Amino acid sequence: MKLNIKRIAKEIAIGALMLFVVSNVLSYLRKPELSSNQLPQIEAQLLDGTQFSVKKGKPLVLHFWATWCPTCKLEASNIESVSKEYEVLTIAVNSGDDTQLKKYMNEKKLTFKVVNDKEGKWAQQFNIEAYPTTFIYDAKEELKFSEVGYTTTAGLLGRLKLIE
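The sequence shown begins at 401 in my numbering and counts up by one.
In structure tokens form, the structure reads like this:
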């Protein structure tokens with residue numbers, strides 16, 4: 401039996417395309433219903449003790465995650481990479497007290513901005529039902545993209561480039 405490289409490559413490409421379509425449909429179906437596409441006022445104390453407020457005129461990635469979430473653990477390096485170039489605020493939901501969360505961040509060598517949502521109040525405000533969930537707001541503080549589940553660094557950066 402002779403292997404047909406073109407046929408195998410075609411089947412791999414079709415499979416990858418189907419996986420892409422299915423994952424995007426699932427993300428769309430699972431996305432939270434927000435009362436508004438406008439970014440609400442966000443003023444919060446970060447895990448490092450500093451105060452966060454939205455920078456006017458800059459896009460914002462708002463990322464909900466949890467230390468107990470396996471997909472969030474896989475995606476953390478992507479969020480870290482994006483946070484080096486763009487404004488990123490992450491909300492760690494039901495992930496322990498500040499000491500536990502700081503330890504987790506240090507062990508994983510993560511430096512992105514984190515609000516510790518110990519009781520899930522932020523998650524409730526944004527109707528988060530699945531983790532990770534990421535919102536991308538443009539410079540006018542309008543929601544442009546929402547994503548539920550794993551997102552690649554390239555996917556996040558591509559979306560941010562589209563709204564610049």
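Ideal Cβ positions, reconstructed from N, Cα and C, are used throughout, including at glycine. No experiment lies behind these values; they were computed from the predicted model shown.
In the three-state scheme derived from DSSP, where H, G and I count as helix and E and B as strand, residue 488 is classed as strand. For residue 441, no beta strand (DSSP E) segment is defined, and its DSSP state is neither H nor E.
Taking C-beta atoms under 8 Å as the contact rule, residue 454 and residue 556 fail to qualify, at a distance of about 18 Å.
Restricting attention to 410, 414, 406 and 459, the CA atom closest to the CA of residue 540 is found in 459.
Fully contained in the region 455–538 are the following beta strand (DSSP E) runs of length 3 or more, in chain order: 460–465, 487–493, 513–517 and 533–537. Pairwise C-beta distances place the region 546–554 in contact with the region 478–490, as three or more of them are shorter than 8 Å.
Between residue 493 and residue 528, the C-beta gap is smaller than 8 Å, which places the two residues in contact.
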